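Reading through the structure tokens given below for one structure.
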Amino acid sequence: MGFLPKGFEWIIILIVVLVIFGPKNLPKLGKSLGATVKNLREGMQGDDTEETVEESDEDKEIRELEEKLAAAKKKKEAEEGANDAE
């Protein structure tokens, strides 16, 4: 578009967007576009800091049961090893 003045392309794009979406929907469109750009930047940034997530009561109970099961397996293996040695 060498024959058009500089920046004229943006004016054409804005007019087309206005015609397609209408003046009432432009604020919604801008807000959603801004949120998308923000999420993309945050995702690409890749924060190395670990966010602490609060553990639910069910998760705590499951973890405790898994620990008890692991301890019981170790105890059983130790008893079987002692019985085999006799």
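Heads up: the sequence shown is residues 1471 to 1556, going by the working numbering.
By construction, the Cβ of each residue, glycine as well, lies at the ideal position given by its N, Cα and C atoms.
This one's a predicted model, so the numbers in the text were calculated from it and none came from an experiment.
Return helix, strand or coil for residue i, following the three-state DSSP convention.
i            : result
leucine 1484 : helix
glycine 1500 : helix
Can you give me the start and stop residues for the alpha helix (DSSP H) that residue i sits inside?
i           : result
valine 1494 : The displayed chain sequence assigns lysine, not valine, to residue 1494. No alpha helix (DSSP H) holds lysine 1494; DSSP gives it neither H nor E.
Since residue i and residue j should fall inside the 8 angstroms C-beta cutoff, what is the C-beta to C-beta distance between them, to a whole number of angstroms?
i                  : j            : result
leucine 1496       : leucine 1503 : Actually they do not touch by this definition, with Cβ atoms about 10 angstroms apart.
phenylalanine 1491 : leucine 1484 : Actually they do not touch by this definition, with Cβ atoms about 11 angstroms apart.
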